[in-house]
Structures are given as C-alpha cells and as structure tokens.
Amino acid sequence: MAKTDSMQIYKWNFKISIYTFLLTFFYSNFNNFLLSFDTVCFILYILPLDSYFLVQLHFSVLLFITNATFPSLNIEEISLVSHVFTKLLVQLISSRTSLPHELFFNLAIFGPTIGVLFAIPFLKKSIRISRLSSHCHMSVMKAKHNRYAIISYFIIIISIFIIQQYMFKKHLTKDKSLVFWLIDYIVYENGSIIRQKMLLWWITCLVISIFFIKTFFYAKESRIFYNNEKILYNKLNIKRKFFHAIIIVMFLPTLYLDPLFSNISFSIALLLFFISEVIRIFVLPPCGLSLHSFLSKFVDERDNKGKIIVSHFYLLIGCASPLWLDFAGVMFDQQKQYKLKLSTISGILCLGFGDSAASLIGKKIGRLYWPNSKKTVEGTIAFILAVFFGGILTKYMSWMNDVIIWTDFFMVTIMTGK
Numbered sequence: 007m008a009k010t011d012s013m014q015i016y017k018w019n020f021k022i023s024i025y026t027f028l029l030t031f032f033y034s035n036f037n038n039f040l041l042s043f044d045t046v047c048f049i050l051y052i053l054p055l056d057s058y059f060l061v062q063l064h065f066s067v068l069l070f071i072t073n074a075t076f077p078s079l080n081i082e083e084i085s086l087v088s089h090v091f092t093k094l095l096v097q098l099i100s101s102r103t104s105l106p107h108e109l110f111f112n113l114a115i116f117g118p119t120i121g122v123l124f125a126i127p128f129l130k131k132s133i134r135i136s137r138l139s140s141h142c143h144m145s146v147m148k149a150k151h152n153r154y155a156i157i158s159y160f161i162i163i164i165s166i167f168i169i170q171q172y173m174f175k176k177h178l179t180k181d182k183s184l185v186f187w188l189i190d191y192i193v194y195e196n197g198s199i200i201r202q203k204m205l206l207w208w209i210t211c212l213v214i215s216i217f218f219i220k221t222f223f224y225a226k227e228s229r230i231f232y233n234n235e236k237i238l239y240n241k242l243n244i245k246r247k248f249f250h251a252i253i254i255v256m257f258l259p260t261l262y263l264d265p266l267f268s269n270i271s272f273s274i275a276l277l278l279f280f281i282s283e284v285i286r287i288f289v290l291p292p293c294g295l296s297l298h299s300f301l302s303k304f305v306d307e308r309d310n311k312g313k314i315i316v317s318h319f320y321l322l323i324g325c326a327s328p329l330w331l332d333f334a335g336v337m338f339d340q341q342k343q344y345k346l347k348l349s350t351i352s353g354i355l356c357l358g359f360g361d362s363a364a365s366l367i368g369k370k371i372g373r374l375y376w377p378n379s380k381k382t383v384e385g386t387i388a389f390i391l392a393v394f395f396g397g398i399l400t401k402y403m404s405w406m407n408d409v410i411i412w413t414d415f416f417m418v419t420i421m422t423g424k
C-alpha cells in the first residue's frame, strides 16, 4: 500500500516545533527585550524560506487556536491542534492531496472555521441579544435575534460550499462537487448497497438512542431529586458512558464493511459537531437554547473550564483518529483492498470498552489508588479486561481482517491501561 514519506512528515513537524518553541520561549521569558518586531523578523529571515513561511504560519495558527479554545483546551491540546491545523492548511494550499477522505477532513476543519470568522460580528450580536432578553421588548428582540441568526447561517453555509467547491475543482474534477461525489458514492458506485445499509444502521442507532435518553434519563430526572453529590456524579457518569456504548454498537460491527465510507462519515460527523457547537455557544435559533439544555445534562468538570463542551469531540476524535491516521496517504485506487486492522479500531476498543469499564468499576468499587493519580487499581484492571474482551469479540465476529498475536495485544493493553 503506497504511503507518503513518513520521515519527511516527521522532519517537517520537528522543524516547526523547534522554531515555534524558540519563539514562544522568547515571547514568554523576554517579552520586553527580545520579541520586538525587528527581532522576530531577523530570526525568521535568517531561516530557510520554507521554514520562514512555516514558522510564521504555525505561530499565527497557535495564537488563533489559543484565543479561540483556551481554557477549554489545555496547553498540550492547543499545541497538538495547532500542529494538525498548520499541516492541513499547508497541504491544502500546496495541492498535495487528491484523496476524497482527506478533502472531507479538510472541509470539516476549515469550513466551519472560516465561516465563523466571517460571521463573528453577527454571532456576537446574536449572543448579546440572547443575554438581554429581560431588558428588551420580546418581539423586537426575537426579530433581531432571528435576523442575525439567518445571516450567520448563510455566511457559514456559503463558506463551507465555496471551500468544498474550491477543493474539489482544484484536486479532483471540474464538473462535480464533494456533495454530488458523495451521493454518487453512496447510491451508484460499486458497493453502494453496503454503504446504504451502514447509513441505515447508524441512523437507526441514533434514533433509538435519542428515544432511550428521552424515555429513561429525562423521565427519571423529572421524578427524582438527588441531594447527594456522590449519587449525582455516579448518575452523570452512567449517562456519559451511555454514549461510549453507542459508539460500540454503531461502528464496531460496520467499520470493516467499508473503511473508506466510515472515514468520510467520521469527518462529516466532525463537521456537524463543529456547527452544532457554534449554534450552542452563540445561542442561535431555533435550536441553540435546546441544544445547550440537552448537552448541559452530560457535562463534567472538563467541559466547565471554558465555553466549549469538549467531551463529544474527544469521543469522536478518539474513535476516528486511528482510522484517519491509517488512511493517511493511501491511494484512492488501493482503498478497495484496504483491510481493517486491530490498530485501526483501537480507539473504539479503548474508549468504548476500556474507558467505560474503568470509569464505572473504578468509581463504584475502587479503593486502591495509584501513586499521585486519581486512577484506581480496580479501574485499571477493568480497563485491561474490557479492552481484551473487545478484541476477542471483534476477532470472533470477524469484524476485522488482522492477525492478532494475543500476548502482544495483552501487553499493549496493560501498558495503555496504566
């Protein structure tokens, strides 16, 4: 299977990491002396031309991501996101990708980002109006709120449309768009019946999940009031792990059927997550308030650090990133021969089986804590056994085509759990 030169990618990331670290170090430690405009330009101009461009771009991306996501993301997460964002932006500008799954991933990242940047004046007015509901005439406020929301939606949708048109015409063909390519891929191309069944399965799982949440979680909350903080936390933990179970049921039996379609579907889900989070944060009608009310029932302390609710992003990216990484550089004509490997579903095994078991068992019966950690020994054992069970189940059900060396798998699971 042909792949891009990984050493070149490693060298590229190492180079911008070193340069960015030096600039950040100078900025944080010698702000009044070294980081004048002339000093920065001098440092950058003595670097090679490609390094100059990369450092300028990466440092700008780093500042943008920091302003947009801190404190919802910590420093390490911001650095990682900035590296990915810079790499994708350079790849998109330099026309180094012609693969549909990579284009969909780029669309998921840059579409909402650019749309929000252009729509930010109207988004700010929208959230300002939503906070002044008690001081304004209701009908006037609602009309303005709706008007700013419509403008914001229009700008974001147009931005996504223009970006997908640009990417498709530049990288693939001149007579279609990504949307029409996806429709053809689902409806007409070889294997379309399998993809339609996968899509039907995912939609069915989502509908049943929403019905289950409304019937059980919401109904019980309306009838029972808990004044014990530990009981409340345990109830919240169970509700959050329900989404981990959904991930197992939705994707583990279907990924092997068409890994490329699963890859693209994860990117589309990421795009929808970004848009829904924008709607929630800026309280855009008609569903901004209800979306915030729904998601707020599942947040924990990490989600309360900043404005962004990060848990569902963590879950999606954790499950999808092994597949995204394994597909990196795989040629389109070779994707039909792609075989799902154990490493590709490692995110689903660890988050779906391992993390759920570790959290539920650790909180319920955990007594022995690891040194300098909130993790319990009982939770770690539950993680190891659950992931190992998930691997056995996946192999037994023939949901992947990899040859598993069970001793190696068990040792890796132990190291991951610890």
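This note's numbering puts the sequence shown at residues 7 to 424.
Note that CB positions come from ideal geometry on N, CA and C, so glycine has one too.
For clarity, every value in this text was computed on a predicted model and none was experimentally measured.
Tell me whether residue i sits in a helix, a strand or coil according to DSSP, three-state version.
{"i": "Y194", "result": "coil"}
{"i": "Y375", "result": "strand"}
{"i": "T422", "result": "helix"}
{"i": "T260", "result": "coil"}
{"i": "N407", "result": "coil"}
{"i": "Q97", "result": "helix"}
Pull up the distance between the alpha-carbon of residue i and that of residue j, whole angstroms please.
{"i": "F218", "j": "K303", "result": "15 Å"}
{"i": "L266", "j": "V284", "result": "28 Å"}
{"i": "L276", "j": "L109", "result": "13 Å"}
{"i": "W330", "j": "T382", "result": "32 Å"}
{"i": "H151", "j": "I199", "result": "43 Å"}
{"i": "R132", "j": "F160", "result": "One point to set straight first is that residue 132 is Ser, not Arg, in the sequence displayed. Computed Cα separation, rounded: 14 Å."}
{"i": "L212", "j": "R134", "result": "33 Å"}
{"i": "F415", "j": "K345", "result": "18 Å"}
{"i": "L68", "j": "N80", "result": "13 Å"}
{"i": "N378", "j": "L98", "result": "43 Å"}
{"i": "I367", "j": "D306", "result": "18 Å"}
{"i": "V185", "j": "I323", "result": "23 Å"}
{"i": "S362", "j": "M403", "result": "21 Å"}
{"i": "G197", "j": "K241", "result": "42 Å"}
{"i": "Q171", "j": "L188", "result": "13 Å"}
{"i": "S88", "j": "I71", "result": "7 Å"}
{"i": "L263", "j": "T221", "result": "32 Å"}
{"i": "M417", "j": "I252", "result": "27 Å"}
{"i": "W405", "j": "E83", "result": "32 Å"}
{"i": "L374", "j": "E384", "result": "7 Å"}
{"i": "V96", "j": "D332", "result": "20 Å"}
{"i": "P127", "j": "I410", "result": "53 Å"}
{"i": "T92", "j": "V61", "result": "10 Å"}
{"i": "Y194", "j": "L206", "result": "16 Å"}
{"i": "L105", "j": "A334", "result": "9 Å"}
{"i": "L357", "j": "F319", "result": "13 Å"}
{"i": "S365", "j": "I254", "result": "16 Å"}
{"i": "Y154", "j": "N243", "result": "37 Å"}
{"i": "K380", "j": "T386", "result": "11 Å"}
{"i": "L123", "j": "K245", "result": "34 Å"}
{"i": "L94", "j": "S66", "result": "14 Å"}
{"i": "I169", "j": "W412", "result": "45 Å"}
{"i": "K247", "j": "A125", "result": "35 Å"}
{"i": "A388", "j": "S136", "result": "45 Å"}
Taking C-beta to C-beta, are residue i and residue j nearer than 8 Å?
{"i": "R308", "j": "S317", "result": "yes"}
{"i": "G360", "j": "G423", "result": "yes"}
{"i": "L297", "j": "S282", "result": "yes"}
{"i": "Q202", "j": "I192", "result": "yes"}
{"i": "M173", "j": "L113", "result": "yes"}
{"i": "L301", "j": "F249", "result": "no"}
{"i": "S158", "j": "L129", "result": "yes"}
{"i": "H107", "j": "N269", "result": "yes"}
{"i": "M147", "j": "L138", "result": "yes"}
{"i": "D408", "j": "K347", "result": "yes"}
* On the three-pair Cβ rule with 8 Å, is the segment 304 to 323 touching the segment 75 to 94? -> Yes, the segment 304 to 323 is in contact with the segment 75 to 94.
* Count the C-beta pairs between the segment 384 to 400 and the segment 272 to 292 that are closer than 8 Å, then say yes if the count reaches three, no if not. => Short answer: they don't touch.
* To do: Pair every Cβ in the segment 119 to 132 with every Cβ in the segment 156 to 176, then say whether three or more of these pairs are closer than 8 Å.
  => Per the Cβ contact rule, the segment 119 to 132 is in contact with the segment 156 to 176 (3 or more Cβ pairs under 8 Å).
* Are there three or more Cβ pairs, one per stretch, closer than 8 Å when the segment 252 to 263 is compared with the segment 397 to 405? -> A contact exists between the segment 252 to 263 and the segment 397 to 405.
* **Three CB pairs or more closer than 8 Å across the segment 347 to 367 and the segment 318 to 327** => Touching, yes, given that three or more Cβ pairs across the two stretches are closer than 8 Å.
* Asked: In the segment 313 to 363, which residue ranges form an unbroken alpha helix (DSSP H) of at least 4 residues, counting only runs that do not cross its ends?
  -> Here the runs fully enclosed are 317 to 333.
* Jot down the residue ranges of each uninterrupted beta strand (DSSP E) in the segment 249 to 303, minimum 3 residues, whole runs only, in chain order. => DSSP runs (the beta strand (DSSP E)) wholly in the segment 249 to 303: none.
* Enumerate, from N- to C-terminal direction, the unbroken alpha helix (DSSP H) stretches of 4 or more residues contained entirely within the segment 99 to 167. => 106 to 137, all fully within the segment 99 to 167.
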